[in-house]
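Before any comments, here is the structure.
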Amino acid sequence: MIDQFVIPTLKIVIVLFAGVLPAVTYMVLLERKVIAWAQSRLGPMRVGPYGVLQPIADAIKLMLKEDITPTKADRWVFTAAPIISMVPALIVYAVIPFGPTVQFFGHPVSLYITDINVGLLYIVSVASVGVYGIILAGYASNSKFPLLASLRASAQLISYEVAVTLTLVSVILMTGTLSMVGIVNAQYNARVWLFIVQPVAFVIFFIGGLAETNRAPFDLPEAEQELTGGFHTEYSGMRFALFFLAEYANMIVVSSVATTLFLGGWLRPFPNVAALHFLDVVPSWIWFLLKSFVFLYIFIWVRATLPRYRYDQLMRLGWKVLIPLAIANLVVTGIVKVMLR
Amino acid sequence: MDTLTPKTLYGEMFDTNELVINMGPQHPSTHGVLRVVLRLDGEKVIDAEVVIGYLHRGIEKLSENRNWTQIILLTDRMDYVAAATNNVGYCQTVEKLMQLEVPRRAKYVRTILCELQRIASHCLWVGTHAMDIGAMTVFLYAFRERELILDLFEEFCGARLTYNSMRIGGLPLDIPPGWDKKVLAFCDIMDAKIDEYETLLTHNRIWLERTKGIGVISGPDAAALGMCGPALRGSGVARDVRKDEPYAAYDEMEFDVPVGVAGDTYDRYLVRMEEFRQSLRIIRQATEGIPEGPIVGKVPRLIKPAAGETYHAIESPKGELGYFIVSDGKSTNPYRFRVRPPSFCNLQALPRLVKGHLVADVVALIGSIDIVLGEVDR
């Protein structure tokens, strides 16, 4: 009874409501703080000590704000778009392994909600649904700037989805499994993290990840300077907040997936070196979070540093550089794999 | 024969319309209340129309009803990010009209203030220009240094934005003791900071891609459109009023006039970055060589120029800032007061520059020609 129902339900509740949602809101604070430090400012300082309560204040503000639907908007699509954006960002967490199976008060508890044998495929397909939220939002707003933004979003989706998926294929070739847990275990057995053997795939995945989450320097759909906020120009209150949270939730997803695929997931550094056994005092899920945090930090760092690409340049980078590179990487991986057999 | 458009090829189903988009007057990247009506084909700009006048306060007309000293205060409000330069331009025009002699000390201080102002204005430019292209950190770095300049101005005249810092015939007050040391200390700080901006931008691949080949205009074309200042020099025309018709103490200063080659956004950027350094060079020379003496020349108590007219131009941070003043010799206010604002003249090149580029380039180009709407509309 406990193992079958209580624990899985508890896991979902804990991951979503104690894990992801607070993490997402605090991600916003972290970003504001890190960018502020990069820019010789202080960032939020008013709500709570050093502004630590800022996300809560923001959430209350957004919930209390008037919810405006423009009269000319396509009402149903306009309402559905933020939800379409947010839901995939959350359900992806179902297959992200935060750690292996551990014993918890005598019950075996796996530190992931579920491990399906097509985990990676599930992530790719669910994550790509999220972009429809942006496209539909821009379309349903019935306003010119959001429309341009949604055009950009569709172009971006097509260009980067392909490159990212191709890198994932090379990962699958290396590990021989689509299961997220299986991929981590394969890295344990291979005695090496995948980013060492697949550096090209790793870089392409990260760049593609930036583009897929609409982060700088690929934040074209919401380019504040040109499109005045882009697809969410017409949104206010909690609906705007959903887009906002979805973006940060997606950042965490991309970081987690990158950690799982390329940085050995929950494994400690050099998991096969017995001499480093003392590192095991740190629980596996802490290692996972630390590695993901590195990616999240780079996301923010990049945003503070780089200018924004232009629409056509982004397309050129996607189609002329990343996709050929990903295909070449895939072919080379395949050939090497066959030759080593 | 029909031209090959999607409509003739595929019929009504694939008919494409132009999208008319209203950029501004409330838009984060039009640097104030500029309105640009863009006609778009997808994201490509077919045509742009610049609509101005949202910040018109009638400064020229107001000036005809103020006495000569009161007008200095109005000139502050034109290019409000470079108020001291406006003051200098106006005062020098009246001095030219009245044939007043300005003491050397005043000339030197004017030079220092003008160049500090140029750096402050360029700081604002590099910040907003980079921000328009998405590099937001440069914005805050540049404002950090601009703050130091505002502190220097505050110490000199008490104000931080609209200084009212000149008088006809000289200066309202002498520089405070120790001020010159602080200016030199600022120069040392600024040197390193310019390198910092350049590290973030000059060789950044994305920055290069976003600015190279964008808004190319040849030297003769730029001159024919009346462009001036760094926007003109970016196209390779070495026109600088400070060199060509020296005023204040510029004839005693050593400095170079940087010019671009390609006439694109990147070259205009490089020209302004080099101007930072040249300004520092001038400030150092002027501050070290500042002579003793009075700060105001022999100015009659009642300023009432004899009947006549004059035009005088100076090099403001944005370009050639000219004043045309007519005095009827009878009243204590000008008969006609007219400004040749560099931003206005540069802005009329915008439709020409943006044609064929993408929406994202429009904001880059607005930043590149460095306009201040207070000056465009007056």
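Here the protein sequences come in this chain order: L and B. Going by this note's numbering, the first sequence opens with residue 17, and the numbers climb by one from there. Going by this note's numbering, the second sequence opens with residue 920, and the numbers climb by one from there. Glycine residues also receive a C-beta, built at the ideal position from the N, C-alpha and C atoms.
1) For the candidate residues B:ASP1099, B:ALA1168, B:TYR1166 and B:PHE1174, whose alpha-carbon lies nearest to that of B:ALA1157?
2) Between L:LYS49 and L:ALA320, what straight-line distance do the alpha-carbon atoms span, to the nearest angstrom?
3) Using alpha carbons as the reference points, say which of B:GLU968, B:ASP1186 and B:GLU1234 lies closest to B:ARG1161.
4) From the beta carbon of L:LYS16, is the nearest beta carbon of chain B less than 9 Å away?
5) Pick out whichever of B:LEU1284, B:SER1246 and B:PRO1261 has its Cα sitting closest to the Cα of B:ARG985.
6) Since B:VAL1135 and B:ASP1183 are thought to touch, with beta carbons under 8 Å apart, how far apart are those beta carbons, to the nearest angstrom?
7) Measure the alpha-carbon distance for L:LEU292 versus L:ASN205 and round it to whole angstroms.
8) By a C-beta neighbour count over all protein chains shown, 10 Å radius and 16 as the cutoff for buried, is L:ILE212 buried or exposed?
9) Shorter than 9 Å from the beta carbon of L:TYR325 to some beta carbon of chain B?
10) Counting along the chain, where does the alpha helix (DSSP H) carrying L:TYR327 start and finish?
11) L:ALA169 lies in the alpha helix (DSSP H); which residues open and close that run?
12) Specify the secondary structure class of L:ASP83 as computed by DSSP and reduced to three states.
13) Note down, one range per segment and in chain order, each beta strand (DSSP E) of at least 3 residues found wholly within the segment 1179-1251 of chain B.
14) Using only alpha-carbon positions, find the residue among B:ARG1086, B:MET1192 and B:ARG1203 that is nearest to B:LYS1100.
15) In chain L, which residues lie with their C-beta within 8 Å of the C-beta of B:GLU1128?
16) Say whether chain B places a C-beta atom closer than 9 Å to the C-beta of L:THR321.
17) Using a C-beta to C-beta distance shorter than 9 Å, which residues of chain B count as neighbours of L:SER157?
18) Please confirm if the segment 135-150 of chain L is in contact with the segment 257-266 of chain L, defined as three or more CB-CB distances below 8 Å between the two stretches.
19) Whole angstroms is fine: what's the gap from B:SER1198's alpha carbon to B:CYS1010's?
20) Starting from L:SER56, find everything on chain B with Cβ-Cβ shorter than 8 Å and list it in chain order.
21) Could you tell me the alpha carbon to alpha carbon distance between L:TYR42 and L:LYS307, rounded to whole angstroms?
22) Count the other C-beta atoms from every protein chain shown that fall within 10 angstroms of the C-beta of B:MET1172, then say buried if there are 16 or more, exposed otherwise.
23) How would you label B:GLY1212, buried or exposed, when you count the other beta carbons within 10 angstroms and need 16 or more for buried?
24) In chain order, what residues of the same chain have a beta carbon less than 8 Å from the beta carbon of B:THR1130, not counting five sequence neighbours either side?
25) Please list the residues of the segment 1045-1056 of chain B that have a C-beta atom closer than 9 Å to any C-beta atom in chain L, keeping them in chain order.
26) Less than 8 Å between the CB atoms is what I'm expecting for B:VAL955 and B:VAL969, so what's the real figure, rounded?
27) Whole beta strand (DSSP E) runs in the segment 956-1003 of chain B with 3 or more residues, listed along the chain?
28) What does a CB cutoff of less than 8 Å around B:LEU1266 pick up in its chain, not counting 5 residues either side in sequence?
29) Which one of L:GLU228, L:LEU163, L:GLN119 and L:LEU127 has the shortest CA to CA distance from L:ILE302?
30) Among B:ILE1244, B:GLY1275, B:TRP1098 and B:ARG1124, which residue has its Cα nearest to the Cα of B:HIS1231?
31) Give me the DSSP bridge partner(s) of B:PHE1256.
32) Under the three-state reduction of DSSP, which class applies to B:PRO1149: helix, strand or coil?
33) Which residues, taken in chain order from the segment 223-235 of chain L, show a beta carbon closer than 8 Å to some beta carbon of chain B?
34) Excluding the 5 residues flanking B:LEU1272 on each side, which residues of the same chain have their C-beta closer than 7 Å to its C-beta?
35) Cβ of B:VAL1278 within 9 Å of Cβ of B:ILE965?
36) Kindly list the residues whose CB is nearer than 7 Å to the CB of B:GLU1034, restricted to its own chain and excluding five residues on each side of it in sequence; keep chain order.
With the given structure in hand:
1) By 1-based counting over the second sequence, the position of residue 1157 of chain B is 238. If we check each option's Cα against that of B:ALA1157, B:PHE1174 comes out closest.
2) The count along the first sequence starts at 1 and reaches residue 49 of chain L at position 33. The count along the first sequence starts at 1 and reaches residue 320 of chain L at position 304. One C-alpha to the other measures close to 11 Å.
3) For this step, residue 1161 of chain B is matched to residue 242 along the second sequence. Ranking B:GLU968, B:ASP1186 and B:GLU1234 by Cα distance to B:ARG1161 puts B:GLU1234 first.
4) With chain L covering 17 to 357 only, the question about residue 16 of chain L has no answer from this structure.
5) Along the second sequence, read from residue 1 onward, the residue named residue 985 of chain B stands at position 66. Nearest C-alpha to B:ARG985: B:SER1246.
6) Counting from 1 along the second sequence, the entry for residue 1135 of chain B is found at position 216. Counting from 1 along the second sequence, the entry for residue 1183 of chain B is found at position 264. About 5 Å; that satisfies the 8 Å criterion.
7) Position 276 of the first sequence, counted from the first residue, corresponds to residue 292 of chain L. Position 189 of the first sequence, counted from the first residue, corresponds to residue 205 of chain L. Cα-Cα distance, rounded: 17 Å.
8) The sequence position of residue 212 of chain L within the first sequence is 196, counting from 1. Exposed, since its Cβ has fewer than 16 Cβ neighbours within 10 Å.
9) Counted from its first residue, the first sequence places residue 325 of chain L at position 309. Yes, its Cβ sits closer than 9 Å to a Cβ of chain B.
10) Taking the first sequence and counting its residues from 1, the one referred to as residue 327 of chain L is at position 311. Where L:TYR327 is concerned, the enclosing alpha helix (DSSP H) stretches over 327-332.
11) What you label residue 169 of chain L is simply residue 153 of the first sequence in a count that begins at 1. That run of the alpha helix (DSSP H) goes 160-191.
12) Translated into positions along the first sequence, residue 83 of chain L becomes position 67. L:ASP83 sits in coil when the DSSP states are folded into three classes, being neither helix nor strand.
13) DSSP runs (the beta strand (DSSP E)) wholly in the segment 1179-1251 of chain B: 1227-1235 and 1238-1246.
14) As a working mapping, residue 1100 of chain B is identified with position 181 in the second sequence. Comparing Cα positions, the closest option is B:ARG1203.
15) As a position in the second sequence, residue 1128 of chain B is number 209, starting the count at 1. Ordered by position in chain L, the residues that pass the 8 Å Cβ test against B:GLU1128 are TYR325, ARG326 and GLN329.
16) Residue 321 of chain L sits at position 305 when you count from the first residue of the first sequence. Chain B, which has a Cβ nearer than 9 Å to the Cβ of L:THR321, makes this yes.
17) One-based indexing of the first sequence puts residue 157 of chain L at position 141. Within 9 Å Cβ-Cβ: nothing; L:SER157 doesn't reach chain B, min ~14 Å.
18) yes
19) The count along the second sequence starts at 1 and reaches residue 1198 of chain B at position 279. The count along the second sequence starts at 1 and reaches residue 1010 of chain B at position 91. One Cα belongs to B:SER1198, the other to B:CYS1010, and the distance between them is close to 21 Å.
20) As a working note, residue 56 of chain L is residue 40 in the first sequence. Neighbours of L:SER56 on chain B, chain order: LEU1059, TYR1060 and ARG1063.
21) Reading the first sequence from its first residue, position 26 is the one you call residue 42 of chain L. Reading the first sequence from its first residue, position 291 is the one you call residue 307 of chain L. Their backbone Cα atoms lie some 17 Å apart in a straight line.
22) Indexing the second sequence from 1 puts residue 1172 of chain B at position 253. B:MET1172 is buried by the Cβ-count criterion.
23) Position 293 of the second sequence, counted from the first residue, corresponds to residue 1212 of chain B. B:GLY1212 should be labelled exposed.
24) Here residue 1130 of chain B is taken as the residue at index 211 of the second sequence, counted from 1. The answer, listed in chain order, is ILE1052, ASP1183, THR1184, TYR1185, TYR1188, ALA1283 and SER1287.
25) ALA1049, MET1050, ASP1051, ILE1052, GLY1053, ALA1054, MET1055 and THR1056
26) Within the second sequence, numbered from 1, the residue matching residue 955 of chain B stands at position 36. Within the second sequence, numbered from 1, the residue matching residue 969 of chain B stands at position 50. Rounded, the Cβ-Cβ distance is 6 Å, consistent with contact.
27) 963-970
28) In the second sequence, counting from the first residue as 1, residue 1266 of chain B sits at position 347. Once the five neighbours on either side are set aside, the close Cβ partners of B:LEU1266 are LEU953, VAL969, ILE971, ILE1288, ILE1290 and VAL1295.
29) Within the first sequence, residue 302 of chain L is the residue found at index 286, counting from 1. Minimum Cα distance to L:ILE302 is reached at L:LEU127.
30) By 1-based counting over the second sequence, the position of residue 1231 of chain B is 312. From the listed residues B:ILE1244, B:GLY1275, B:TRP1098 and B:ARG1124, the smallest Cα separation to B:HIS1231 is found for B:ILE1244.
31) As a position in the second sequence, residue 1256 of chain B is number 337, starting the count at 1. Per DSSP, B:ILE1244.
32) Locating residue 1149 of chain B in the second sequence gives position 230, counting from the first residue. Here B:PRO1149 sits in helix by DSSP.
33) ALA232, PRO233 and ASP235
34) Within the second sequence, the letter at position 353 stands for residue 1272 of chain B. Cβ neighbours of B:LEU1272 beyond the five flanking positions: GLY1134, ILE1136 and LEU1284.
35) Position 359 of the second sequence, counting from 1, holds the residue named residue 1278 of chain B. Position 46 of the second sequence, counting from 1, holds the residue named residue 965 of chain B. Going by C-beta atoms, B:VAL1278 is not nearer than 9 Å to B:ILE965.
36) Translated into positions along the second sequence, residue 1034 of chain B becomes position 115. If we look at B:GLU1034 and ignore the five residues flanking it on each side, its Cβ neighbours are SER1198, ILE1201 and ILE1202.
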